[in-house]
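> Note that our numbering has the sequence shown beginning at 297, numbered continuously upward.
Glycine residues also receive a C-beta, built at the ideal position from the N, C-alpha and C atoms.
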Amino acid sequence: MPNLTDIQTIRDLCARHDFALSKGFGQNFIVNPGICPKIVEASGIGPDWGVLEIGPGIGVLTKELALRAKKVVAVEVDKRLPALLAETLAEFDNVEVILQDVLKVDLKALIAEKFPGMPVAVCANLPYYITSPILMRLLEEKLPIHSITVMVQKEAAQRITAQPGTREAGAISYAVDYYSKPQLLFSVQPGSFFPPPKVTSAVIQLMVRPQPAVQVQDEAGYFKLIRAAFSQRRKTAANSVSSGLGLPKAQVAAALEKAGLAPTARPEQLTLEDFLALQTALNQETV
Ligand code: SAM
297 MPNLTDIQTI RDLCARHDFA LSKGFGQNFI VNPGICPKIV EASGIGPDWG VLEIGPGIGV
357 LTKELALRAK KVVAVEVDKR LPALLAETLA EFDNVEVILQ DVLKVDLKAL IAEKFPGMPV
417 AVCANLPYYI TSPILMRLLE EKLPIHSITV MVQKEAAQRI TAQPGTREAG AISYAVDYYS
477 KPQLLFSVQP GSFFPPPKVT SAVIQLMVRP QPAVQVQDEA GYFKLIRAAF SQRRKTAANS
537 VSSGLGLPKA QVAAALEKAG LAPTARPEQL TLEDFLALQT ALNQETV
């Protein structure tokens, strides 16, 4: 089995397959030998589990997942990689590589087909340029997955795992907290990757909630309201919601009051429950 954390081995492998790493696809491969076992350990998967990996690259994390799980399905967009992965993962008969864009694949159907009756986790070193769209797809589609354990940029990790109602929170923190219990597990320095990225990374874990954190009737409207509130960060929630949703300021102010919220509240001071109360009050204002 090739040592996929050895840079010379990676160079030889790439040369043999005429493969040059693509910046466009966010290809920074893990070469610190301690990292993949640590991610897999944290993911909590066991011998009965199915794992969905996004972006296997040359297979360094895939291999570690295959050693622990019953089955690994790895979705990779780069059409040059399946041939290379066939070589690096040759000894495993529990890995399937699917050549597709993860943002386009039917994940619900894929999970039902590939992991019947298995507990399922997502584990990956994500392509950073599409971190948010991937996480939002995984969460919004209410897929039957237990947890998402992924490497992302540290700055994104801090935003994603920030508690609503704290200064660091952004619209994505609310969406993530609505669907899951997030945690920042550990940071990873640029030197742990080949080539090293410009930024520090971090591994986060989202434990998917069996039910969303609050009971919302109109989820699309709820998240539209949250996004509007955060559309102009330095403004009060009232001003941002008013301009973001095209509503008169007086109407938003009245709804805030009805919801028991301060007219000067900043969006990051509001909780998931506060936004629900505001949505309800706004709906009452408009009928
Ligand atoms: N898992 C490998 C590792 O840790 O060394 C590679 C991680 S690298 C940061 C991200 C991987 O995601 C690359 O293999 C890249 O080609 C793949 N990728 C990029 N965009 C993708 C997409 N839209 N769908 C699926 N895979 C994608």
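Using the DSSP secondary-structure output, state which residues sit across from Pro-298 in a beta bridge.
Answer is none; Pro-298 lacks a bridge partner.
> State yes or no: is the C-beta of Asp-302 nearer than 6 Å to some heavy atom of the ligand SAM?
No.
> Pull up the distance between the alpha-carbon of Asp-344 and that of Ala-558, whole angstroms please.
Rounded to whole angstroms, Asp-344 to Ala-558 spans 50 Å at the Cα level.
> Between the C-alpha atoms of Pro-298 and Cys-419, what's the straight-line distance to the nearest angstrom?
Between Pro-298 and Cys-419, the C-alpha separation is close to 22 Å.
> Could you tell me if the beta carbon of Phe-482 falls within a distance shorter than 6 Å of some heavy atom in the ligand SAM?
No.
> Okay, do the stretch 527–536 and the stretch 544–555 touch, 3+ Cβ pairs below 8 Å being the bar?
Enough Cβ pairs lie closer than 8 Å, so yes.
> To the nearest angstrom, report how far apart Pro-585 and Leu-578 are at their CA atoms.
Any property of residue 585 remains undetermined from this structure, which presents the chain solely from 297 to 583.
> Evaluate Ser-318 with the Cβ neighbour count: other Cβ atoms within 10 Å of its Cβ, from every protein chain shown; 16 or more gives buried, anything less gives exposed.
Ser-318 should be labelled exposed.
> Give every residue of the same chain whose Cβ lies closer than 8 Å to the Cβ of Glu-349, excluding the five residues on either side of it in the sequence, and list them in chain order.
Contacts found: Leu-357, Thr-358, Leu-361, Val-368, Val-369, Ala-370, Val-371, Val-418, Cys-419 and Ala-420.
> Take Gln-528 and list the residues in its own chain whose beta-carbon comes closer than 8 Å to its own, dropping the five residues that flank it on each side.
Asn-535, Ser-536, Ser-539 and Gly-540.
> Skipping 5 residues on each side, what residues in its chain have a beta carbon closer than 7 Å to that of Ser-428?
Around Ser-428: Ile-468.
> For Asn-421, verify whether its CB is less than 6 Å away from any heavy atom of the ligand SAM.
Asn-421: yes, Cβ under 6 Å from the ligand SAM.
> Leaving out the 5 sequence neighbours to the left and right, which residues in its chain are closer than 6 Å to Pro-492 when beta-carbon positions are compared?
Excluding positions up to five away in sequence, the list reads Pro-486.
> Hey, could you find the ends of the beta strand (DSSP E) Gln-507 is sitting in?
Run containing Gln-507: none; DSSP gives neither H nor E here.
> Taking the C-alpha atoms as reference points, what is the distance between Ala-458 and Gln-479?
If I take the Cα positions, the gap works out to 9 Å.
> Could you have a look at Leu-481 and say whether DSSP puts it in helix, strand or coil?
Three-state DSSP puts Leu-481 in a strand.
> To which residues of the same chain is Gln-454 closer than 8 Å at the C-beta, ignoring the five residues directly before and after it?
Around Gln-454: Glu-464, Leu-480 and Ala-498.
> Taking the alpha-carbon positions, what's the Gln-511 to Phe-388 distance?
Rounded to whole angstroms, Gln-511 to Phe-388 spans 43 Å at the Cα level.
> Given 6 Å as the limit, tell me if Glu-372 has its C-beta closer than that to any heavy atom belonging to the ligand SAM.
Flag set: Cβ of Glu-372 near the ligand SAM.
> What does a CB cutoff of less than 7 Å around Tyr-475 pick up in its chain, not counting 5 residues either side in sequence?
So the qualifying residues of the chain are Leu-435, Val-504, Arg-505 and Pro-508.
> Just to confirm the assignment: which complete beta strand (DSSP E) runs, minimum length 3, are found wholly within the stretch 356–422?
As far as the stretch 356–422 is concerned, its whole beta strand (DSSP E) runs of at least 3 residues are 367–372, 391–395 and 416–421.
> Could you check which residue in Asn-390, Phe-571 and Ser-339 has the C-alpha nearest to that of Lys-520?
Lys-520 has its Cα closest to that of Phe-571, out of Asn-390, Phe-571 and Ser-339.
> Can you tell which of Leu-377, Asp-402 and Ala-452 has its C-alpha closest to the C-alpha of Ile-306?
Ranking the options by Cα distance to Ile-306, first place goes to Leu-377.
> So the candidates are Gln-396, Ala-382 and Asp-397; which of them puts its Cα closest to the Cα of Asn-390?
Per the Cα distances, Ala-382.
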